[in-house]
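K.L.:
First, the structure itself, so that you have it in front of you.
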Amino acid sequence: MQSQQKFARLFQEKPELQQLVLDLKSALEKEGVDVQGNAMPSKLEIFKIIMKPNVRDAVMKVSAAFQEAGINPKEMMEELMAMQKYLGSK
278 MQSQQKFARL FQEKPELQQL VLDLKSALEK EGVDVQGNAM PSKLEIFKII MKPNVRDAVM
338 KVSAAFQEAG INPKEMMEEL MAMQKYLGSK
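Be aware that the sequence shown starts at 278, since it is given in our numbering, and climbs by one per residue.
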């Protein structure tokens, strides 16, 4: 819950971050990724998806924006994965 509050506050303070995350979500969905977490792709599938220019660009933008906001990219991804329902409702 603390993570959700942290991200909600951050998204409220910097709406461009939320838009970047939603853009990444959209890029992943276009590649067939179930972002709701019902079926996780294999490591090989994830690698192939991340190598696609549109997804790679979205990942880099999100990562850079969160680093600029002082959030560790690994921590960010773990917390975003834990918040799938929050992001899915936007």
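Even for Gly, the Cβ is constructed at its ideal location relative to N, Cα and C.
Count the other C-beta atoms from every protein chain shown that fall within 10 angstroms of the C-beta of I326, then say buried if there are 16 or more, exposed otherwise.
P.N.:
Buried, since its Cβ has 16 or more Cβ neighbours within 10 Å.
K.L.:
Could you spell out the range, first to last residue, of the alpha helix (DSSP H) harbouring S340?
P.N.:
Per DSSP, S340 belongs to the alpha helix (DSSP H) from P330 to E345.
K.L.:
Under three-state DSSP, which class holds P318?
P.N.:
Here P318 sits in coil by DSSP.
K.L.:
In the structure shown, what three-state DSSP assignment does E352 receive?
P.N.:
E352: helix per DSSP, three-state reduction.
K.L.:
Quick check on D311: does DSSP put it in helix, strand or coil?
P.N.:
D311: coil per DSSP, three-state reduction.
K.L.:
To the nearest angstrom, report how far apart G347 and G309 are at their CA atoms.
P.N.:
Whole-angstrom Cα-Cα distance: 31 angstroms.
K.L.:
Decide if the region 326 to 343 is in contact with the region 289 to 305; the criterion is three or more beta carbon pairs, one per stretch, under 8 angstroms apart.
P.N.:
Touching, yes.
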